[in-house]
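Taking it in order: structure first as structure tokens, then the write-up.
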Amino acid sequence: MRTDVYLKLTGIFKTRTVAGKACKAGCVAIGGSAVKSSHEISRGDILEITKPDGSVLSIEILDIPSGKQVSRKERPLFFKTAGPEY
44 MRTDVYLKLT GIFKTRTVAG KACKAGCVAI GGSAVKSSHE ISRGDILEIT
94 KPDGSVLSIE ILDIPSGKQV SRKERPLFFK TAGPEY
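If you read the sequence shown in the working numbering, its first letter stands for residue 44, the second for the next number, and so on.
Structure, rendered in structure tokens:
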């Protein structure tokens, strides 16, 4: 699944456009390397998202959604944070 789609469906970003802009700005990385919005992610990847205040949110991908928006209750099934709480 594309990075921007995953970030939108799991509720980490409100829209796919905002997720894409964050990727384009270099604020989303895997393994220390910035990724494009079209980068295919998979289970076990660690996404590092740099927030506007400069703090970094590390997210481990546990599962990939089936193509529909994930509810707040279901979010823990799809990712867990490794840094400060989301």
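C-beta atoms are modelled at their ideal positions from N, C-alpha and C, and glycine is treated no differently. This structure is a prediction, so every number in the text was calculated from the model and none was measured.
query: For F122 and I102, believed in contact at Cβ under 8 Å, the rounded distance; result: 5 Å
query: Exposure label - D96; buried when at least 16 CB within 10 Å; result: exposed
query: Closest Cα partner of G74 within the set I104, Y49, T60 and V61; result: I104
query: Delimiting residues of the beta strand (DSSP E) encompassing A72; result: V71 to I73
query: Contacting residues, own chain, Cβ-Cβ under 7 Å from A72 (five flanking each side not counted); result: V78 and E91
query: Other residues of its chain near L50: CB distance less than 7 Å, five sequence neighbours each side excluded; result: F56 and A62
query: Inter-residue spacing [alpha-carbon to alpha-carbon] between S109 and T60; result: 20 Å
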